[in-house]
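Novice: Numbering (my numbering), first residue to last: 51 to 417. Right, I'll just put the structure down here and ask away after.
Right under this line is the structure:
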């Protein structure tokens with residue numbers, strides 16, 4: 051399904067170094083359907099060009115964009131993965147890897163303009179039975195969510211709307227701040243089209259609203275996010291290196307205020323979730339969050355996690371072990387909670403939870 055090969059040099063004389071990426075549908079009579087060639091060319095005179103043959107759904111044929119990633123990096127990336135990945139995985143992760151890369155200055159630092167960063171929020175809506183929730187993501191003022199499915203084809207579709215609440219009602223109580231994003235609307239639409247091509251049909255236990263919301267949240271924030279919710283059911287694996295920020299790990303964080311919710315979040319070690327159907331596993335290392343809530347909800351919270359590993363069966367039951375000194379009291383994210391130096395608990399949309407500084411247990415949602 052994949053391969054990389056050298057070709058003749060292609061040059062342009064724009065004076066700006068960039069890699070042009072074009073995906074064009076090309077049918078090959080191999081019995082495997084449509085293939086594409088992702089052809090990269092560098093603007094620098096004398097630079098080599100590369101061709102990468104990958105399979106792709108019709109939905110993203112014709113897509114073009116620019117990236118600062120070097121051609122040699124692209125070739126190395128494909129060669130490392132072409133044996134162990136399916137064609138669908140390669141086209142998805144190849145394009146996502148490229149457009150996640152932020153432009154850099156000559157010293158290698160990220161060029162991020164705080165004025166164009168948009169707040170990212172998660173909105174949830176309790177469903178029947180109450181152990182399930184619908185999820186939606188808001189970037190700036192725009193909500194994205196899986197919309198109702200065709201009962202015959204079960205084909206996924208994404209609904210977009212502007213406003214304080216998603217069309218489904220998710221986020222009606224204000225939602226929760228989970229990060230900030232420098233992604234443009236065109237980047238977002240590209241990503242969503244690729245996601246739909248790889249997850250075309252709705253499945254309650256795998257390809258659903260929570261899978262879209264979680265993977266979209268991780269990508270749109272460049273893996274710099276705050277979300278401790280387990281999923282009810284979905285196939286997600288953010289331990290996969292392709293979900294990580296291509297600029298590397300280390301100290302990251304964000305500060306954001308929206309709708310009466312002010313958050314300062316620092317992430318030293320990482321936060322990753324893996325779920326297969328109902329079974330969830332999460333690992334958190336080096337997390338600090340200070341949060342003040344003044345509607346919807348009310349409270350002050352300071353959460354400090356040295357390390358934590360949790361397991362759960364959907365939103366029915368779970369436990370975690372680690373070391374934390376979480377302190378705070380009030381209502382946030384659909385829950386009423388009180389903790390002091392790790393001792394305490396909460397009750398609400400995420401169930402009934404009892405915690406200590408080294409462990410905790412949780413049982414099903416009641417809202």
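From the three backbone atoms N, C-alpha and C, an ideal C-beta is built for every residue, glycine too. Bear in mind that the values here come from a model prediction, so they are computed numbers and not experimental data.
1. Hey, which unbroken runs of the beta strand (DSSP E) at 3 residues or more fall wholly within the region 205 to 247?
2. Could you please give me the residues that DSSP links to residue 195 through a beta bridge?
3. Within the same chain, show all residues whose beta-carbon is closer than 7 angstroms to that of residue 107, passing over the 5 residues directly before and after it, in chain order.
4. Could you give the residue range of the alpha helix (DSSP H) that holds residue 262?
5. What residue from 204, 194, 319 and 214 has the CA that sits closest to residue 310's CA?
6. Would DSSP call residue 126 helix, strand or coil?
7. Could you give the distance in angstroms between the alpha-carbon of residue 326 and the alpha-carbon of residue 351?
8. Within a Cβ cutoff of 6 angstroms, which residues of the same chain sit near residue 362, ignoring the five residues on either side of it in sequence?
9. Would you call the CB atoms of residue 341 and residue 382 closer than 8 angstroms?
10. Tell me which same chain residues have a C-beta within less than 8 angstroms of the C-beta of residue 409, skipping the five on either side of it?
11. Taking C-beta to C-beta, are residue 197 and residue 207 nearer than 8 angstroms?
12. Look at the alpha carbon of residue 338 and the alpha carbon of residue 358, and state the distance between them as a whole number of angstroms.
13. May I have the straight-line CA-CA distance separating residue 305 from residue 319, to the nearest angstrom?
14. Kindly indicate the opening and closing residues of the beta strand (DSSP E) around residue 168.
15. Nearest to residue 228 by alpha carbon, out of 278, 205, 260 and 238?
16. Count the other CB atoms, across all protein chains shown, that sit within 10 Å of the CB of residue 172; report buried if there are 16 or more and exposed otherwise.
17. Considering only the beta carbon of each residue, do residue 188 and residue 225 sit closer than 8 angstroms?
18. Counting only the same chain and skipping the five closest in sequence on each side, list residues whose C-beta sits under 6 angstroms from that of residue 345.
19. Measuring alpha carbon to alpha carbon, tell me which residue in 221, 360 and 194 is nearest residue 245.
20. Under the DSSP definition of a beta bridge, which residues are partnered with residue 370?
21. Classify residue 201 as buried or exposed, calling it buried when 16 or more other Cβ atoms lie within 10 Å of its own Cβ.
22. Please name the residue or residues paired with residue 353 in a DSSP beta bridge.
23. According to the neighbour-count rule (16 or more other Cβ atoms, all chains shown, within 10 Å of its Cβ), is residue 360 buried or exposed?
24. Determine the closest residue to residue 335 out of 347, 328, 324 and 354, with distance taken between C-alpha atoms.
25. If you reduce the DSSP assignment to three classes, tell me which class residue 252 lands in.
26. Taking DSSP as the reference, what is the three-state secondary structure of residue 273?
27. Under a Cβ-count criterion, where at least 16 other Cβ atoms within 10 Å of its own Cβ denotes burial, should residue 374 be classed as buried or exposed?
28. Taking buried to mean at least 16 other C-beta atoms within 10 Å of its own C-beta, is residue 174 buried or exposed?
29. Among 364, 186 and 405, which has the Cα closest to the Cα of residue 378?
30. Do residue 286 and residue 231 have their C-beta atoms within less than 8 angstroms of each other?
31. Among the residues of its own chain, which have a CB less than 8 angstroms from the CB of residue 205, if the five just before and after it don't count?
32. Quick one: measure Cβ to Cβ for residue 233 and residue 270, integer angstroms, because I've assumed they're closer than 8 angstroms.
33. Start and end of the beta strand (DSSP E) containing residue 390?
34. Output the distance between the C-alpha atoms of residue 413 and residue 126, rounded to the nearest integer angstrom.
35. Assign residue 203 to one of three DSSP states: helix, strand, or coil.
36. Would residue 254 and residue 216 qualify as a contact pair, given that the criterion is a beta-carbon distance under 8 angstroms?
Specialist: Per the coordinate set shown:
1. Runs of the beta strand (DSSP E) spanning 3 or more residues and lying entirely within the region 205 to 247 occur at 208 to 212 and 226 to 231, in chain order.
2. Partner(s): 209.
3. With a pLDDT of 44 at residue 107, under the threshold of 50, the modelled position of this residue cannot be trusted, and the question is left open.
4. Membership of residue 262 in the alpha helix (DSSP H) is indicated by the continuous run 259 to 270.
5. For the residues 204, 194, 319 and 214, the minimum Cα distance to residue 310 belongs to 214.
6. In this structure, residue 126 counts as helix in the three-state DSSP scheme.
7. If you draw a straight line from the Cα of residue 326 to the Cα of residue 351, it is about 31 angstroms long.
8. Excluding its 5 nearest sequence neighbours in each direction, residue 362 has C-beta neighbours in its own chain below 6 angstroms: 280, 330 and 368, listed in chain order.
9. Residue 382 sits close to residue 341, with the two beta carbons spaced by under 8 angstroms.
10. Residues of the same chain with a CB within less than 8 angstroms of the CB of residue 409, apart from the 5 flanking positions on each side, are 369, 370, 371 and 372 in chain order.
11. In contact: residue 197 and residue 207 (Cβ atoms closer than 8 angstroms).
12. Each residue's Cα considered, the two are about 13 angstroms apart.
13. Cα to Cα, the separation comes out at about 18 angstroms.
14. That run of the beta strand (DSSP E) goes 168 to 176.
15. Per the C-alpha coordinates, the member of 278, 205, 260 and 238 positioned closest to residue 228 is 278.
16. Buried is the call here.
17. Yes, Cβ-Cβ distance for residue 188 and residue 225 is below 8 angstroms.
18. Taking residue 345 as the centre and dropping the five residues before and after it, the same chain places the C-beta of 310 closer than 6 angstroms to its C-beta, in chain order.
19. Residue 245 has its Cα closest to that of 194, out of 221, 360 and 194.
20. Answer is 360 and 410.
21. Looking at its Cβ environment, which holds fewer than 16 other Cβ atoms inside 10 Å, residue 201 is exposed.
22. Partner(s): 339.
23. By the 10 Å Cβ count, residue 360 comes out buried.
24. Of 347, 328, 324 and 354, the residue nearest in Cα terms is 354.
25. In this structure, residue 252 counts as coil in the three-state DSSP scheme.
26. Here residue 273 sits in coil by DSSP.
27. Of the residues assessed, residue 374 falls on the buried side of the cut-off, its CB having 16 or more other CB atoms within 10 angstroms.
28. By the 16-neighbour rule on beta-carbons within 10 angstroms, residue 174 is buried.
29. Nearest Cα to residue 378 within the set 364, 186 and 405: 405.
30. No.
31. Same-chain partners within the cutoff: 199, 250, 251 and 252.
32. Contact holds; Cβ gap of about 5 angstroms.
33. Residue 390 -> beta strand (DSSP E) spans 385 to 390.
34. Cα-Cα distance, rounded: 46 angstroms.
35. It is coil, neither helix nor strand.
36. In this structure, residue 254 keeps its C-beta atom at 8 angstroms or more from the C-beta atom of residue 216.
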